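Enquirer:
Residue numbers (my numbering): 89 to 200.
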């Protein structure tokens, strides 16, 4: 609708410039991780039960971004190929083997 009315497109809502991994990583870094870090102070199990999974999720999106797989349609095709490969070989490669990391590369590690 914005395009039809010649309005500026809302950030992260422009289908012509879609970058799903960037959006997911930004959401994790800006919203989700800070919330879980606060929760961890009161509920120590959050670290093992949530933060580690969140780091793996971020590593997945980072891996896709590093491969240039950024549009929804490309992500779907990539995942379908990966499932076919896993089904055919019975082997799963980890995100770390594909060059992904769970760490936020823009921030220094604070030791937590």
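All residues carry an ideal CB built from backbone N, CA and C; glycine is no exception. Given the structure is predicted, the values throughout are model-derived calculations rather than measurements.
Helix, strand or coil for residue 179? Go by DSSP, reduced to three states.
Expert: Here the question's residue 179 lines up with position 91 in the chain shown. Note: residue 179 maps to coil in three-state DSSP.
Enquirer: My understanding is that residue 116 touches residue 142, with C-beta atoms under 8 Å, so please give their C-beta distance in whole angstroms.
Expert: Position 28 of the chain shown, counted from the start, is the residue given in the question as residue 116. Position 54 of the chain shown, counted from the start, is the residue given in the question as residue 142. Indeed they touch by this definition, with Cβ atoms about 6 Å apart.
Enquirer: If you reduce the DSSP assignment to three classes, tell me which class residue 132 lands in.
Expert: The count along the chain shown starts at 1 and reaches residue 132 at position 44. The answer is coil: DSSP assigns residue 132 none of H, G, I, E or B.
Enquirer: For the ligand HEM, is there a heavy atom less than 8 Å away from the beta-carbon of residue 138?
Expert: Among the ligands in the structure shown, none appear at all, so the ligand HEM cannot be discussed.
Enquirer: Rounded to whole angstroms, what's the CA-CA distance from residue 167 to residue 92? Just pull it up for me.
Expert: Counting from 1 along the chain shown, the entry for residue 167 is found at position 79. Counting from 1 along the chain shown, the entry for residue 92 is found at position 4. Approximately 33 Å between the Cα atoms of the pair.
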